[in-house]
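Below: the structure, in structure tokens.
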Amino acid sequence: MHGMTLAGIARALREREFSSEELVRHLLERIGRLDSELNAFITVTGEAALDAAREADARLADGGGGLTGVPIAHKDIFCTAGVKTSCGSRMLDNFVSPYDATVVERLREAGTIMLGKTNMDEFAMGSSNETSFYGPVRNPWDTQRVPGGSSGGSAAAVAARLVPAATGTDTGGSIRQPAALAGITGIKPTYGRVSRYGMIAFASSLDQAGVLTQTAEDAALLLTAMSGHDPRDSTSVDAPVPDYAAGLGESLEGLTVGVVEEFMDEGLDPANAAAIEASLKVLEGLGAKVRRISLPNIGLSVPTYYVVAPAECSSNLSRFDGIRFGYRAQSPRDLEDLYKRSRGEGFGAEVKRRIMTGTYVLSAGYYDAYYLKAQRVRQLIAADFRQAFESVDVIVGPTSPTPAFELGAKVDDPVTMYLNDIYTIGVNLAGLPGLSAPCGFVDGLPVGLQIVGRAFDEGRILNVAHRFQQETDWHARAPGGAFA
Amino acid sequence: MEWETVIGLEIHAQLATRSKIFSGATTAYGAAPNSQACLVDLGYPGVLPVLNEGVVRMAVAFGLATDCTIAPRSVFARKNYFYPDLPKGYQISQYELPVVHSGQIELELEDGAHKTIGITRAHLEEDAGKSLHEDFQGQSGIDLNRAGTPLLEIVSEPDLRSAREAVAYMKAIHQLVRYLGICDGNMQEGSFRCDANISVRPVGRHEFGTRAEIKNLNSFRFVERAILFEVERQVDILESGGRVVQETRLYDPERDETRPMRSKEEANDYRYFPDPDLLPLEIGPALVDEVRAALPELPRQKRERFVAEYGLSAYDAGVLSTSRAVADYYETVAGGLGDKKLAANWVMGELAGALNKAGLEITASPLDAEAMLGLLRRIEDETISGKIAKEVFEAMWAGEGDADVVIEARGLRQITDAGSVEAVVTEVIAANPRQLEQYRSGKDKLFGFFVGQVMKATGGKANPALVNELLKRLLAG
Numbered sequence: 014m015h016g017m018t019l020a021g022i023a024r025a026l027r028e029r030e031f032s033s034e035e036l037v038r039h040l041l042e043r044i045g046r047l048d049s050e051l052n053a054f055i056t057v058t059g060e061a062a063l064d065a066a067r068e069a070d071a072r073l074a075d076g077g078g079g080l081t082g083v084p085i086a087h088k089d090i091f092c093t094a095g096v097k098t099s100c101g102s103r104m105l106d107n108f109v110s111p112y113d114a115t116v117v118e119r120l121r122e123a124g125t126i127m128l129g130k131t132n133m134d135e136f137a138m139g140s141s142n143e144t145s146f147y148g149p150v151r152n153p154w155d156t157q158r159v160p161g162g163s164s165g166g167s168a169a170a171v172a173a174r175l176v177p178a179a180t181g182t183d184t185g186g187s188i189r190q191p192a193a194l195a196g197i198t199g200i201k202p203t204y205g206r207v208s209r210y211g212m213i214a215f216a217s218s219l220d221q222a223g224v225l226t227q228t229a230e231d232a233a234l235l236l237t238a239m240s241g242h243d244p245r246d247s248t249s250v251d252a253p254v255p256d257y258a259a260g261l262g263e264s265l266e267g268l269t270v271g272v273v274e275e276f277m278d279e280g281l282d283p284a285n286a287a288a289i290e291a292s293l294k295v296l297e298g299l300g301a302k303v304r305r306i307s308l309p310n311i312g313l314s315v316p317t318y319y320v321v322a323p324a325e326c327s328s329n330l331s332r333f334d335g336i337r338f339g340y341r342a343q344s345p346r347d348l349e350d351l352y353k354r355s356r357g358e359g360f361g362a363e364v365k366r367r368i369m370t371g372t373y374v375l376s377a378g379y380y381d382a383y384y385l386k387a388q389r390v391r392q393l394i395a396a397d398f399r400q401a402f403e404s405v406d407v408i409v410g411p412t413s414p415t416p417a418f419e420l421g422a423k424v425d426d427p428v429t430m431y432l433n434d435i436y437t438i439g440v441n442l443a444g445l446p447g448l449s450a451p452c453g454f455v456d457g458l459p460v461g462l463q464i465v466g467r468a469f470d471e472g473r474i475l476n477v478a479h480r481f482q483q484e485t486d487w488h489a490r491a492p493g494g495a496f497a
Numbered sequence: 017m018e019w020e021t022v023i024g025l026e027i028h029a030q031l032a033t034r035s036k037i038f039s040g041a042t043t044a045y046g047a048a049p050n051s052q053a054c055l056v057d058l059g060y061p062g063v064l065p066v067l068n069e070g071v072v073r074m075a076v077a078f079g080l081a082t083d084c085t086i087a088p089r090s091v092f093a094r095k096n097y098f099y100p101d102l103p104k105g106y107q108i109s110q111y112e113l114p115v116v117h118s119g120q121i122e123l124e125l126e127d128g129a130h131k132t133i134g135i136t137r138a139h140l141e142e143d144a145g146k147s148l149h150e151d152f153q154g155q156s157g158i159d160l161n162r163a164g165t166p167l168l169e170i171v172s173e174p175d176l177r178s179a180r181e182a183v184a185y186m187k188a189i190h191q192l193v194r195y196l197g198i199c200d201g202n203m204q205e206g207s208f209r210c211d212a213n214i215s216v217r218p219v220g221r222h223e224f225g226t227r228a229e230i231k232n233l234n235s236f237r238f239v240e241r242a243i244l245f246e247v248e249r250q251v252d253i254l255e256s257g258g259r260v261v262q263e264t265r266l267y268d269p270e271r272d273e274t275r276p277m278r279s280k281e282e283a284n285d286y287r288y289f290p291d292p293d294l295l296p297l298e299i300g301p302a303l304v305d306e307v308r309a310a311l312p313e314l315p316r317q318k319r320e321r322f323v324a325e326y327g328l329s330a331y332d333a334g335v336l337s338t339s340r341a342v343a344d345y346y347e348t349v350a351g352g353l354g355d356k357k358l359a360a361n362w363v364m365g366e367l368a369g370a371l372n373k374a375g376l377e378i379t380a381s382p383l384d385a386e387a388m389l390g391l392l393r394r395i396e397d398e399t400i401s402g403k404i405a406k407e408v409f410e411a412m413w414a415g416e417g418d419a420d421v422v423i424e425a426r427g428l429r430q431i432t433d434a435g436s437v438e439a440v441v442t443e444v445i446a447a448n449p450r451q452l453e454q455y456r457s458g459k460d461k462l463f464g465f466f467v468g469q470v471m472k473a474t475g476g477k478a479n480p481a482l483v484n485e486l487l488k489r490l491l492a493g
């Protein structure tokens, strides 16, 4: 059962091949047995999941359809009523959310069952899942290596077939990069497509919820359920949500695929580059035309991002002050001591680094030189994409410069770590939808193909990935050994 | 040296919406601590602000009423600082692009002179909660009921030149926001309060002196007292060769003085930046037209109309347009009478006096406008005299019923029958032969004596004009 895709599971449940309860028991057993290797889960909600599975089975017996009884996991950044919501931080280790995030609510209404909350980089700040208060997550393809981040727990859990799908969030690549490093499919929709309500904010103008799945079809099913306007999020866009799954399978005949020159340079691992070139051939075989394009300002993405995101995070994380919820330092001397020690002890090093950077770039005398200038560059990057999309329908290239690296390899070098997101960050700055699909292996480790679309053109990038996955089997490969 | 005072006010008017500016929690005053703060107000992880559209209309109404430019696009910004009653660690306000700007308001000063005060800007923001330092031995309590209450911060140009002008300006804004129905103006509950920026400079100098900011003044009297104290303090410093320090001060009404709160040197760097959770606020011409069409008549327009339409003096027109409630009351009464001045005199005289004595607002008056009209109609149709009307008024105030009921019950109807009055007049003359003698020999002043006697004999009910006429004829013999 655990090897099946989400679409396959949904079908099997509808056709009563097995019950939701059987499936949930099986997956809980796997999590119990295998997760000590991976550390993908912070919280497993076994009892609640079994209760929900039994209810789902009753609905399935009454002809309930859709995603009824399908188990998923939520990244621990999404608020879940009555369940610990830690955001990977000591700061929220004691925080039980009193409410559900919109994403959680919508996916539950669609019939899915939550098995637990997945590990993540602290407050989604990281690209290797090593900044979590709960310890690093390991990559099931090689447990000495990172799964990517920040949605590393979700990626590892899906890759190891502990759960068919999991939610994630992507501020600079946090869905796509771990999807690539774990050999699965991950989509970050257009900014505003999915409500941010109940998703603990890192950088509000960049954060977007999405999913990590085995296939593009699975992603399409979940994205249809979770998208759409939410009156509780002013930045969510009031535009109709297509049935993404129904749109799959269209021919790629006549599709123009752009390949960004700047992404195919010496920074990219040659074996990885070869996998991308081979993927382009597959797309050409499906009728697509490939065109080389340039995004002249894309090289400024990383520095731009590392001004904008920390600026927003420095303000967003001010609410964690030890007063109303979360970690509070023992016996504070006075108010200042309470603030300093609660935040000093509650946050980890990477979060503090970004809060300090963000505070600096917003400070009087530095605001214009950093924050304002970064916002201007951001506009240039977005304009580059807009111009590119006048001549191409999708942009395709690598998701990450290298496959999964070893645990600890980059933790002491934040700049090298930040460069992991060199191909993904520009997409967040421009607010566009992006997807990563498995497209090959380098030294036994998966690598990903990134597919970027126009704003609100999720249907098209899902279809390109789906057609690619009908021609290839990279997505169907799963880690062996204990995880088989 | 002669000194000139320069004052600018920042008025915080709490907007009269039922729910908060960025959440659905109620804004009602006086509930148990923290019972009116929802997850958004508490700044819980993951929650997001959603703008209450009502506040936008209110800000536009204020802008239109003060000749401000309504910004087609304004931006909410975060003002970042740590304080326990500020749940998110930032206040959502407006910084570089406020919702309305560059307007003015005309003041009528006590001496009748007019002065125009510039309004730099007015912006929307959320209020913080309240720290309670009493009752918690060594600790502070936090009440977040007020967190997220909508405020319009109205910033004046430094155009005010005295404490009196500052108070006149504050009263004019107070009157205006209540006219517009966008603020209840309740100063005790903190719905209308201000910060005053005060400096002095030698008369004739163009540059401003160093200013002090006096925070949180919540009565007209405190504004006046605080400014008077502060000006004297600054002048003393300068005249003794010292230097005024730019700082924030608090006014202590108990001791009638201002004291430093914190100096700007150690003030926070607020790190304002546009709030990424809220889209820029876009206000199109359609909304502006809609708000304009719904604007009530404003105090100044009403004053001018009262002069033109009812023939009132500028002073009376000013008093009767103090608030919409007073003006509406007056207009209801005046509308039913031919004598508009009679209506003005009674509303400003007997009624205002009685309300004042009882400490009541006009909206809580025991005599509503219809009842007052009923009374004054009886003066106008000569059923009673003005003097008797005062007795009727008191009876009505005490709840004895409407004017006609009181007049009948107490038998106060005026005697207008010439025959009856003539009989009394004849009796009075006959009873006072000595006074008649003196009157006829030229002592005209005694006419009043006879009037008094007739009134006394009729219990004040004789029609005064009729009494005059008859006395003149019969005394002449």
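Chains C and U supply the protein sequences, listed in that same order.
If you count the first sequence from 1, position 29 lands on 42 in our numbering, and the numbers rise without skipping.
If you count the second sequence from 1, position 278 lands on 294 in our numbering, and the numbers rise without skipping.
Think of the CB as a built atom: it goes at the ideal place given N, C-alpha and C, for glycine as much as any other residue.
What would DSSP say about residue i, mapped onto helix, strand or coil?
{"i": "TRP19 of chain U", "result": "strand"}
{"i": "LYS280 of chain U", "result": "Bear in mind that a pLDDT of 47 at LYS280 of chain U, under 50, signals an unreliable position, so the number given afterwards is only what the model happens to contain. Helix at LYS280 of chain U."}
{"i": "ARG341 of chain C", "result": "coil"}
{"i": "ALA287 of chain C", "result": "helix"}
{"i": "LYS36 of chain U", "result": "coil"}
{"i": "SER256 of chain U", "result": "coil"}
{"i": "TYR111 of chain U", "result": "coil"}
{"i": "GLY134 of chain U", "result": "strand"}
{"i": "MET14 of chain C", "result": "coil"}
{"i": "GLU403 of chain C", "result": "coil"}
{"i": "TYR99 of chain U", "result": "coil"}
{"i": "THR442 of chain U", "result": "helix"}
Could you tell me whether the Cβ of residue i comes closer than 8 Å to any Cβ of chain U?
{"i": "LEU235 of chain C", "result": "no"}
{"i": "ILE394 of chain C", "result": "no"}
{"i": "MET212 of chain C", "result": "yes"}
{"i": "THR182 of chain C", "result": "no"}
{"i": "SER328 of chain C", "result": "yes"}
{"i": "LEU442 of chain C", "result": "no"}
Counting contacts by CB-CB distance shorter than 8 Å, is residue i in contact with chain C?
{"i": "LYS280 of chain U", "result": "Residue placement at LYS280 of chain U is poorly supported in this model, since its pLDDT is 47, which falls under 50; the coordinates are not used for a value here."}
{"i": "ARG94 of chain U", "result": "yes"}
{"i": "VAL66 of chain U", "result": "yes"}
{"i": "LYS36 of chain U", "result": "no"}
{"i": "ASP285 of chain U", "result": "yes"}
{"i": "PHE152 of chain U", "result": "no"}
{"i": "LEU113 of chain U", "result": "no"}
Below 7 Å on C-beta distance, what does residue i contact in chain C?
{"i": "ASP293 of chain U", "result": "SER217, SER247 and THR248"}
{"i": "LYS104 of chain U", "result": "SER331 and ARG332"}
So with CB distances below 8 Å, who are the chain C contacts of residue i?
{"i": "TYR346 of chain U", "result": "The premise fails here: TYR346 of chain U is roughly 45 Å from chain C at the closest Cβ pair, so nothing lies under 8 Å."}
Less than 8 Å between CB atoms is the rule here; does residue i satisfy it with respect to chain B?
{"i": "LEU105 of chain C", "result": "Looking for chain B here will not work: the only protein chains present are C and U."}
Can you list the residues of chain U that residue i reaches, using a CB-CB cut of under 8 Å?
{"i": "PHE108 of chain C", "result": "PRO61"}
Residues of chain C with CB under 9 Å from residue i, in chain order?
{"i": "LEU148 of chain U", "result": "Under the 9 Å cutoff, chain C gives no residues; its nearest Cβ is about 14 Å from LEU148 of chain U."}
Taking residue i as the query, report the chain U residues whose CB atoms sit under 7 Å from its CB, ordered along the chain.
{"i": "CYS92 of chain C", "result": "PRO61 and GLY62"}
>> Closer than 8 Å is the cut-off here; do at least three beta carbon pairs connect the region 187-197 of chain C with the region 154-174 of chain C?
In response: yes
> At what residue ranges does the region 181-241 of chain U contain a whole run of the beta strand (DSSP E), taking only runs of 3 or more?
Replying inline: 208-218 and 228-233
>> Which complete alpha helix (DSSP H) runs does the region 82-161 of chain C hold, if anything under 4 residues is left out?
In response: 115-122
> So does the region 297-316 of chain C actually touch the region 274-283 of chain C, counting three or more Cβ pairs closer than 8 Å?
Replying inline: yes
> Which full runs of the beta strand (DSSP E) of 3+ residues lie inside the region 230-296 of chain C, going along the chain?
Replying inline: 269-273
> Fully enclosed by the region 261-333 of chain U, which beta strand (DSSP E) runs are 3 residues long or longer?
Replying inline: 263-268 and 273-279
>> Whether or not the region 143-162 of chain U and the region 38-54 of chain U are in contact is what I'm after, with contact meaning three or more pairs of Cβ atoms, one per stretch, closer than 8 Å; do they touch?
In response: yes
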